[in-house]
Structures are given as structure tokens and as C-alpha cells.
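Colleague: Residue numbers (our numbering), protein chains in the order written: chain A, 12 to 430; chain B, 2 to 116; chain C, 12 to 200.
Glycine included, every Cβ here is placed at the ideal spot set by N, Cα and C.
Dropping a structure here in C-alpha cells format, bear with me for questions.
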Amino acid sequence: MSTLLEAPHRTERSTPTRLLPREPLRFAAFARTYGRLPVITEELLEAVELSGLTGRGGAGFPTARKLRSVRSPRGAVVVANGTEGEPVSAKDRALIERNSHLVIDGALVAARLVRARRIVIAVGRAGGAADALERALAERSDATSVSVASVPDRFVAGEESALVHWLNGGEAKPTATPPRPFERGVGGRPTLVQNVETLANLALIARYGPDWFRAEGTIDEPGSVLATVSGAVWQPGVVEVPLGLPMADVVARCGGARESVQAYLVGGYFGSWLRPSPDLRLSRRSLAEAGGSLGARAVVALGEHSCGVVETSRVVTYMAEQSAAQCGPCLFGLRALADCLRSIARCGHDASASYARLELLECQIARRGACAHPDGVLGFAASATRVFRDELARHLAGACSALDHRPVLPTPRPEGSWR
Amino acid sequence: MSGVGSTEPPRSGGAGFASAGAGMSGVGSTEPPRSGGAGFAGASAGVSRERLAVDPIRCDAYGHCAELVPELVSLDEWGYPMIRAEDVPAGLRREARRAVAACPRLALRLDRRRR
Amino acid sequence: MSAFSSNATWHLMRASGVVALVLLTAVFVLGIATNRRWRPGRAPRVVTASLHRTISLLAVAFLGVHILTAVADPYAVVDAAAVVVPFVAGKSAFAVGLGALSLDVVAALVVSSLLRARVPAALWRAIHWLAYLAWPLALAHSFATGTDAASPWLESIGVVCFAAVAVSVLWRFGTGRSAKHLEPRPVTA
């Protein structure tokens, strides 16, 4: 790594600006800010390993290991996953719209490392991500192997096997594995599916090296990450923060809370509700200790005047609708779960019976789908029964204590086909 | 997605939901596996290192597997198979193979574990 | 060959053909019953599927007799080639050809099902759909080849078989599709 570049200056400790510029960067400005991409050699793989970069899409898999597993003499494929089917996460869209060139650079770096001849950047259809990428690609001449694919707007469409299935001509629904994409994916070739934020970090490590990367974050969880914060905060949006930042500071970056926060939803609709605590940090370890997970760092602050039970019910209904309907336990189980939660949310006369049914439903849904969708929903709903225990008891007794009935969590209607 | 299709039968006290004190009167609920294989009285000793598993996408709730080898497969309330997450006892190997062959969707399979 | 035995061959050919047709009809109906998840009384549903498979083998056995006697019979003028290659027999080439076609499809059905675990699932399904072709061909063959196709009892058998198949087809496509393929009902929040 003898040709390291000068990294752009960092401002304050908790506001790194590595990934997310304030304004979208055209190629000239981008080149001025970040410098040119150096020649990529095999040494970069080791640098990635030293940097400790992990997947930024939610699973958090060590990136170097993933890159190594895909290397193939046959010609691999790189899929940059910017689909972001999670309604409460907007970080991938923000990254693509403001820093397309960094994402493209990252994809090119990954392609070089896994010897891929084809790169696809997958984005959702809603929003301007596809246009931003096409504009960026038009500004450069080194990305002829890159194409942009607009994938159906569905929650599960961004799942690895679903994405590969769609790129192969099928519906954007998860498939049963084996084979896994890294063995046989797009066009039968070994395929690397990597989140766009991970790839952007790859482009940064290629320029500035692993030590620079580790200057942010913690020792176990290095680097800065993009987080989407919404709900009861004054300035909801996407922020770039170092891993390990206390949740209170994350909220402060977004203008602070509008009202007292009764719970955080961390990790999106596959995540968990968590009680606010001064020990809570935006890191895998801290969230795991609290019974949650980092996921794609989508954080929603639920104000004290809203009802966690009602919000949970709305989301589970949405997730039941978003089922690919390929597996009976997911299709019917989530529907039944949604019915039970709706009955509880409405304080219906059958609310107690519905609550009693939850455990049996869980036994019949857990680990019985072809993908993680049903399990993610179960975890989310279960966390609600723990964190909103008191409110749940009130609902079972026939009353809801919410003062603000406006919906907090977005539940967009499914539109368009799976193809 | 490891372990797709290899699931445990309903057990009381699901790990997720805060206990509701619910009764376990479930359609198709079977007893949880007991230690020592005590549930298979009369079966010859030994396990085969094979395990039944279902492809949940192919499965269409015909229910033939649960009829042919009820010791290992029960049905949830929607008619889909819940398979015991344990090796097929030697005495049930033939029934297990018959169930795999009988599935109209070829969704059931026998996985051989390599230890 | 004496006149008696050749006459017997001819009758055996006709009889086994009729039985084969009836059995093929039963196989067809049972196949649809399996798909519709029908159970005979309180018996397990797998019984329906099992019957479907067993009777198909029985049908093959009777088909075998039918073909062997057809080839052996001096009056029927069907040589071995005409059994599987349609429309090459001399007399009544068309009628026999229908039978040959039907046999070809039935053979594909049976062989692909016996080797089911080794055949790609999509291929097996595609071949199995050809059952909707095999049965009408068999029926057409039995009426086209008959000097006694006009005999009333044979006609009644044909009508009953046709009715059974027609009702089964209505059952298959008229009643609801299997659960997962129903459009998920829109859930009102």
C-alpha cells in the first residue's frame, strides 16, 4: 500500500464525512475530494482483512472472507445491492444519490478482486437511484462493464437469492439453497452480492488503507456507518456515524428527540424494539447485549404518545402482505399472526384469545420458511411483547393509552409485479 | 439459511413471545423429543445419521409424509409438515424412504449427515 | 395356428384393450383426485396416490397383453414397428396409429414416474401433463379400431369413461387452486 492518498479532513469526532457528502458529487468534484483510485492488486485483499470491514447491509459478514469465497477463474459477477426494501431505511438511496461514484468505484474494486467481468448495481424502482447511477456512469469511461438494474419494490426482493433469481429471469422471490450465490449465481457464475455501502468502504480502503479505516469506530467494530433515523426526532434522515456511538448521540445528530422516547426500533422490521438506556450504543455488541441487533442501522424513535402495540400490529400486517407466498408457514402463519395482533391492537373482545395463540403460532412459524422473512417478523413481534408489556396488558383489558394515533412506521402498499 | 426445513415440533414456552400462559392445544402438536429415544419403543437400536427435511417452497401441504411416518412428521394447523429435528431411527428408515418417494411434489428429502 | 386359437387371440386382444382403457380412465381420475387431495372416506390421503400408482402399473400390464396379442394375431395385421411408430400399419393405419401414439405417451408417463427421483422436477411435470393427451388418444383408438365399436355395451363403457374423465377435468380446473397459489387476500390494516 505504498500509494496512499491524503484522506479528506475529518471534522468533529462524531461526524465523519467519509461516505456521505452534503451534496451529490459529480465526477470532477468527486475526484477532487477523494483522489484517484489506485491500481488494484491482490494485496488489497489482505488490507481489507486487516481493516476489519464487515458487510453493511445487515448481516455483517466479514468482507474479506466473502471476497475470497467468490474468487474464480471462470469469471464471476458482482452485484451491488442497493435495493433497500426496508421502508425505514434510506441510507442506500442517500449514498447512491449523493456519492454514486464511490459506489461505482467500490464495485470496480470488488470486480477486480474476484475477477468479475460483469457488474450489476441493483436498485429499487421508486426514487431516483437508477437515474443518479446512469448519470454517474455517463460521466466516466472506466465502467463499461457496469449496468443498472431496477428491481421490484418488495421487502424480500433484496434478499441475496431473490436478487440473483430475478437477475436470472425469475421473480424477485427467495429460492431454496443450495447452491448459494457465491457458488452459482447470476448466469450460473460465482456471484458476489454486496451492499452498496460495503462497496463504498472498499473503495475508501483501496485509497487510504486499513489503518485509516480503523481510525473511526471501535477496535472490534471499526469504521463509520450510515444510519437512518426517523420517528420522534426533529431532523429525521441519514447520518454517518462511527460504530459504537451512543444512541443518545445518534439522536442528537438528528436534532434530538421531539418528545420523550418510549422505545427504539433498531434494525428495521426484522429488528427489535429496545428500551432507551444510557448504555445503548450503535454497535453489534451493545445491541446484542440489549437483546437486539444492528441490522442495517435503521433506527426509529417511538415517542411516548404513540402506541407500540398498534405500530407493531401495523408492521406485522405489512410484513404478512410482503411474504413471497412460497412457503405455507410464512404465508399462513404471518397472516394468522397479523390477525392476532390486529385483534389485540383494536382491543377487541377476542384480544385475550389472540394473545394466548401467539406462542403456538410462533412454534409453527419459526425456521420453517425458505428465507429469514418469517423469523425476522417473529423476532420483531416478540420484542414488542417484551418492551410494550404494560401497554399490552392495557389493551387486553380493553383500552389503549396512546394520545397520538398518527402512524409512525411506514407500511407502503405493494405495487407492481414480482418481475 | 442453514437448517431450512429441519424444524422442531411444537414445544411449550416458545423462546420469543413473553409467556402468555397459553395452553398447548394445537392441531397436530406432538410431544417434544424425550431423551434416550424413549418415544420409539420397539424400534431397533441405532440411528442412521439421516434426517428428514422438507423444501418449503416445493411443499404444497399434501400431507402424505405425515400419514406415512407420523413418528417423525406432524402437520401444523395449515397442513404443512413439521419434522422432528433428529436422526431417523434405524427402525423407521424404510418408512422414511417411502415417505420421500411418496411426496407428490418431491419436496421431502433425506439428508445424510457427515460427521 | 388353428382357427380357434387365433380367434382366442383376437378376443383376448379386444378384451385386454377394453380393460386397459377402463384402467387408464381410473388412473386418470385417481390422478386428479390426488391433486384435489381427496381421501376415500376416512382413509389417509396417501391411499389415493398409492391407488393411482398401483392401477397405472396394472393398466400397463393389460396394455402389454393387448399389444402382444395384437402383434400375434394374424387378423389384426399389426407388426411390432406399428406398435410404437404411429401410422405405419397397413390396414386401419390411422386407428392403430392412435393407439401407438397413446402408448408412446403412456410409456413416457410411466418411465418418467418410475425414475422420478432422477428426473428433473420440471421435466417430470411437463411429461405428466401429457396425460391429458394420452387418454383421449386411447379413447379415440378404441373407437376407431372397432368392428364392434358399434356394440352397445362397448359404447356404454366408452361413454362412462368419457363422463368420468370430463367430470374429473372440471373438478381439476373448476374448483379452487391449491392454497399457496391463491392470491393473498388484501389485509386491511
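1. What is the C-beta distance between L73/B and A91/B, in whole angstroms, given that I count them as a contact (C-beta under 8 Å)?
2. Taking Cβ positions only, does V57/C come closer than 7 Å to chain B?
3. Straight-line CA distance for S36/B to G180/A?
4. Going by Cα to Cα distance, which pick from L144/C, F184/C, S162/C is closest to T36/C?
5. So is A127/A buried or exposed if we call it buried at 16+ other beta carbons inside 10 Å?
6. Beta carbon of L109/C: closer than 6 Å to some heavy atom of the ligand ZN?
7. Give the range of the alpha helix (DSSP H) segment to which A336/A is assigned.
8. Output yes if chain B places a C-beta closer than 7 Å to the C-beta of A111/C; else output no.
9. The segment 61-92 of chain B: which residues have C-beta closer than 7 Å to a C-beta of chain C, in chain order?
10. Pull up the CB-CB distance for L237/A and R308/A, whole angstroms please, since I reckon it's below 8 Å.
11. How would you write the range of the beta strand (DSSP E) that Y275/A sits in, first residue to last?
12. Classify F105/C as buried or exposed, calling it buried when 16 or more other Cβ atoms lie within 10 Å of its own Cβ.
13. Given a limit of 9 Å on CB to CB distance, which residues of the segment 373-395 of chain A reach chain B?
14. From the beta carbon of F72/A, is the nearest beta carbon of chain B less than 7 Å away?
15. Please report the residue range of the alpha helix (DSSP H) in which P163/C lies.
16. Could you say which of H316/A, G319/A, L276/A lies nearest to G302/A if we only look at CA atoms?
17. By alpha-carbon positions, which one of Y219/A, A118/A, L254/A, E171/A ends up nearest to G196/A?
18. Just the chain B side, please: which residues come within less than 8 Å of Q337/A by C-beta, in chain order?
19. In this structure, how does DSSP classify G68/A when only helix, strand and coil are distinguished?
20. Counting only beta-carbon separations shorter than 7 Å, does A54/B have a partner in chain C?
21. List the residues of chain C that L107/B touches, going by C-beta distances under 9 Å, in chain order.
22. Within 7 Å of any Cβ in chain A, is that where the Cβ of G17/B sits?
23. Going by DSSP in three states, Q205/A sits in which element: helix, strand or coil?
24. Identify which residue in T422/A, R47/A, D164/A has its Cα closest to the Cα of I115/A.
25. With a floor of 4 residues, list each alpha helix (DSSP H) that falls wholly inside the segment 66-118 of chain C, ordered by position along the chain.
26. Mapping the DSSP letters down to three states, classify G96/A as helix, strand or coil.
27. Just how far apart, CA to CA, sit L148/A and R104/A?
28. Output yes or no for whether 7 Å exceeds the beta carbon distance between V167/A and P185/A.
29. In three-state DSSP terms, what is V326/A?
30. Hey, out of R378/A, D164/A, L348/A, R264/A, whose CA is closest to V326/A's CA?
31. Determine the burial state of R29/A: buried for a count of at least 16 other Cβ atoms within 10 Å of its Cβ, exposed for fewer.
32. Cutting at 6 Å between CB atoms, please list the residues of its own chain near P163/A, excluding the five before and the five after it.
33. Helix, strand or coil for I51/A? Go by DSSP, reduced to three states.
34. Given a threshold of 16 other Cβ atoms within 10 Å of its Cβ, counted over all protein chains shown, does I355/A qualify as buried or as exposed?
35. Using a Cβ cut-off of 7 Å (strictly closer), state whether R110/B contacts chain A.
36. Relative to the C-alpha of E145/A, which residue among K102/A, F38/A, T65/A, E194/A is closest?
Modeller: Taking the coordinates as given:
1. The Cβ separation is near 13 Å, so there is no contact.
2. yes
3. Because S36/B carries a pLDDT of 40, less than 50, the predicted location of this residue cannot be relied on, and no value is offered for it.
4. L144/C
5. buried
6. Among the components of this structure there are no ligands whatsoever, and the ligand ZN is therefore not found.
7. Looking at the DSSP string, A336/A is not in any alpha helix (DSSP H), and its letter there is neither H nor E.
8. no
9. D61, A62, Y63, G64, H65, E68, L69
10. 7 Å
11. 272-277
12. exposed
13. E373, C374, Q375, I376, A377, R378, R379, G380, A381, C382, A383, L389, G390, A392, A393, S394
14. no
15. 163-185
16. L276/A
17. E171/A
18. P57, I58
19. coil
20. no
21. R127, A128, A132, W135
22. yes
23. strand
24. R47/A
25. 91-95
26. coil
27. 16 Å
28. yes
29. helix
30. L348/A
31. buried
32. A183, G427, W429
33. coil
34. buried
35. no
36. F38/A
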